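Using our numbering, you'd call the opening residue of the sequence shown number 89 and step up by one each time.
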Amino acid sequence: MNAPGPSAKPEPPVKVLLVEDNPGDARLTIEALKDVGAHRFAVTHVERLADAQTRLRDEPFDVVLLDLSLPDAKGLSTVRRVEGADPSIPIVVLSGFDNETLALEAVQAGAQDYLVKGESSGETIARAIRYAIERKRGEKLLFEAKENAESASKAKSEFLATMSHELRTPLNAILGFSEVIQNEIFGPIGNPRYQEYLDDIINSGRHLLDLINEILDLAKIEAGKADIYEEELSIRDLIDACLRLVKERAMTSRVTITTRLDDGLRTLCADESMLKKIVLNLLSNAVKFTPPGGEVVVEAKPDEDGALLLIIADNGIGIAEKDQGRVFEYFVQVDGALNRKYVGTGLGLPLAKSLTELHGGTILLESALGAGTTVTVRFPAERVAWQGESDQADSAAAGEPRTLIAREDRRTCRAPDRCAASRRTVGRTLYDAARARASR
Ligand SMILES: Nc1ncnc2c1ncn2[C@@H]1O[C@H](COP(=O)(O)OP(=O)(O)O)[C@@H](O)[C@H]1O
Ligand SMILES: [Mg+2]
């Protein structure tokens, strides 16, 4: 042990606040803490919790030694109230009971250690105090590191969101003018090679724009700044609109698309553009990763509890089991011999997942290499209206003023209990907080 030499300055005493109403116990503890090893303790003694709270506010202490049975506080709430008075103070509980459950609960409530009176020598108490101070310091460092990491991650998302936005503007100019030249609006180009190069410029530009848009969407969600506009959408219309967009690609690569939409299908309360991105990403993956002659099936049906299941299945190249978790990570594209020839960014699935989760939904991917992939998106029952439920939904909305918004084909939700049509700004954290509140 490193005992201080004669010339070394002695360490200042550890400032202990002893909260104990029994004068005998208090005296024993104070005596026990006199001259233990190289450490000195300066003990301040109070008998009531209220006095402890005042002292903690008025002067700095290194540790609190706390009895759990005081005239003005009993049990675990004593620990919580000391924590409330000073969240940074280490607490060692000194109790008259030898009770493991209580000891564990005291630690869970915020104490760093638990000692039984009468069984604890000065050495034991001194050691518990030193360890409690160290543990609390470690906790504080961890907490600070977590806060720093969180704010760095938020700053990164905000940077990405701004950056993507700034990149889009010049890119739109590049694309716009390239298209003007490609269409020879002000006269012929001349050399056919220039036409070829223009196709390359435009294709690369569009790819870059898709990539930027996807990064922007993801960054906005991460930064808690995604605008969600919820309204009642016809599920059929939405699926049809997405099918129209991938039909040509499917025909070129000779992939047939079949739909199986449940008869009872009516509406889903969701953000239209977000929902389209979810369905389109999954549909285009299914078409892209299915060789000629293959089939894609789009199915929409109710789950047992009335939730909506949107299932997009293909009999394409499939994903090996070891890669199935990874494909939801940013920029992950499975690098197999089978799919190296496919273009993409590796952001489609993470984006579909984030957008689904913003709606309180879940996404499940099942796949077998060489056999095909099935992705099931599930939207909670509160968001879905099925045929036959309409009367209920209408009567729930009876008397509610209907707000029509600018575009005629859009209208706000009629069942305010199911879908509060509104524009909200959400992100993971906000949404999670709201969900936690709702489930309470
Ligand atoms: N239906 C599918 N069949 C086979 N592989 C798929 C399918 N959907 C996704 N994948 C795999 O998951 C990866 C990530 O998908 P995604 O995030 O949409 O990125 P991208 O389509 O841009 O490559 C794809 O590159 C592919 O390897
Ligand atoms: Mg994709």
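Glycine included, C-beta positions come from ideal geometry on N, C-alpha and C. Computed from a prediction, not measured in an experiment: that's the story for all the values here.
> In this structure, what does DSSP give as the bridge partners for C357?
Replying inline: Per DSSP, E320.
>> For a cutoff of 9 Å on Cβ pairs, would you count Q421 as touching chain B?
In response: No chain B appears in this structure, which consists of one protein chain only.
> How many Å lie between L263 and G293 at the Cα?
Replying inline: Between L263 and G293, the C-alpha separation is close to 6 Å.
> What is the DSSP secondary structure of P148, reduced to helix, strand or coil?
Replying inline: P148 carries a coil assignment under DSSP once its states are collapsed to helix, strand and coil.
> If you draw a straight line from the alpha carbon of L297 to that of F274, how long is it in whole angstroms?
Replying inline: Their Cα atoms are separated by approximately 26 Å.
> Does DSSP classify T433 as helix, strand or coil?
Replying inline: Of the three classes helix, strand and coil, the one that applies to T433 here is coil, per DSSP.
>> Since I399 and S455 should fall inside the 8 Å C-beta cutoff, what is the C-beta to C-beta distance between them, to a whole number of angstroms?
In response: For a cut-off of 8 Å, the C-beta gap from I399 to S455 is around 13 Å, too long to register as a contact.
>> Taking the alpha-carbon of S239 as reference, which of V204, G312, V131 has the nearest alpha-carbon?
In response: Ranked by how close their Cα comes to the Cα of S239, the residues V204, G312, V131 have G312 in first place.
> Is it true that the region 209–228 meets the region 183–195, where meeting means three or more beta-carbon pairs spaced less than 8 Å apart?
Replying inline: Counting Cβ pairs under 8 Å, fewer than three are found: no touch.
> If we ignore side chains and look at the alpha-carbon of each, how far apart do F129 and E147 end up?
Replying inline: Just so you know, the alpha carbons of F129 and E147 end up roughly 16 Å apart.
>> DSSP has P276 in a bridge; who is on the other side?
In response: P276 is not bridged to any residue.
> Is it buried or exposed for M339, if we count other Cβ within 10 angstroms and need 16 for buried?
Replying inline: Of the residues assessed, M339 falls on the exposed side of the cut-off, its CB having fewer than 16 other CB atoms within 10 angstroms.
>> Residues in the same chain with beta-carbon distance under 7 Å from I289, minus the five sequence neighbours each way, listed in chain order, please.
In response: Contacts found: S266.
> If we count the other Cβ atoms within 10 Å of its Cβ and call it buried at 16 or more, is K538 buried or exposed?
Replying inline: Nothing about residue 538 can be reported from this structure: the residues present for the chain run from 89 to 528 only.
> Are the CB atoms of A197 and R223 nearer to each other than 9 Å?
Replying inline: Result no, Cβ atoms of A197 and R223 do not sit closer than 9 Å.
>> Using 8 Å as the cut-off, can you tell me whether the region 359–373 makes contact with the region 326–339, which would need three or more C-beta pairs spanning the two stretches below that distance?
In response: When C-beta atoms of the region 359–373 are compared with those of the region 326–339, three or more pairs fall below 8 Å, so the two segments count as touching.
> Exposed or buried, A194, counting other C-beta atoms within 10 Å across all chains shown (16 or more means buried)?
Replying inline: Under this definition A194 is a buried residue.
>> Nearer than 8 Å: is that true of the beta carbon of K364 relative to any heavy atom of ligand 1?
In response: Result no, Cβ not under 8 Å from ligand 1.
> Does DSSP classify S157 as helix, strand or coil?
Replying inline: Reduced to three states, the DSSP call for S157 is strand.
>> Can you check which of these residues, K234, Y317, L106, N110, is closest to A358 by C-alpha distance?
In response: Looking only at K234, Y317, L106, N110, the smallest Cα-Cα distance to A358 is reached by Y317.
> Unbroken beta strand (DSSP E) runs of length 3 or more, entirely within the region 116–142: which are they?
Replying inline: Whole beta strand (DSSP E) segments, 3+ residues: 129–134.
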